[in-house]
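Here the sequence shown stands for residues 20 to 100, numbered as in our numbering. The structure appears below as structure tokens.
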Amino acid sequence: MGPLGIRVNTVSPGPVSTALWLGDDGVAATVARAGGGDPAAVAESVAKQSVTGRFTRPDEVADLVTFLASDRAGNVTGSDS
């Protein structure tokens with residue numbers, strides 16, 4: 020597909036600091052309720068398991084997607100970032 024100008028890249032940022040993870044009905048709260056724990060403790064534990072020790076920020080995901088969709092990444096294909 021490359022010769023046709025079609026590039027395929029994926030973005031797999033892991034936990035992102037959004038309501039999906041950190042909201043009142045987010046993943047951390049759901050896991051905490053199921054295990055009788057505290058959502059903040061669940062979020063902290065998940066963050067510590069990350070290579071960077073924190074949740075990814077939404078702007079970091081947006082910047083990466085913008086780059087991958089740009090001409091600057093015209094020869095990047097088959098990447099999972």
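Heads up, the beta-carbon is just placed ideally off N, CA and C, and yes, glycines get one too.
Does DSSP put residue i in a helix, a strand or coil?
i: V46; result: helix
i: V65; result: helix
Just reading off the alpha helix (DSSP H) that residue i is part of, what are its end residues?
i: D78; result: P77 to A88
i: L23; result: Careful: L23 lies outside any alpha helix (DSSP H) and carries neither H nor E.
i: A38; result: A38 to L41
Measure from the alpha carbon of residue i to the alpha carbon of each residue in the options, then state which is nearest.
i: F86; options: D57, V30 and T75; result: V30
i: L39; options: G97, G21 and P77; result: P77
i: Q68; options: N28, L23, G33 and V27; result: G33
i: E79; options: P58, G24, A48 and S36; result: S36
Counting only beta-carbon separations shorter than 8 Å, does residue i have a partner in chain D?
i: K67; result: Reference to chain D is not applicable here, since this structure consists of a single protein chain.
On the DSSP bridge list, what partners appear for residue i?
i: T96; result: According to DSSP, T96 bridges with nothing at all.
i: T29; result: D99
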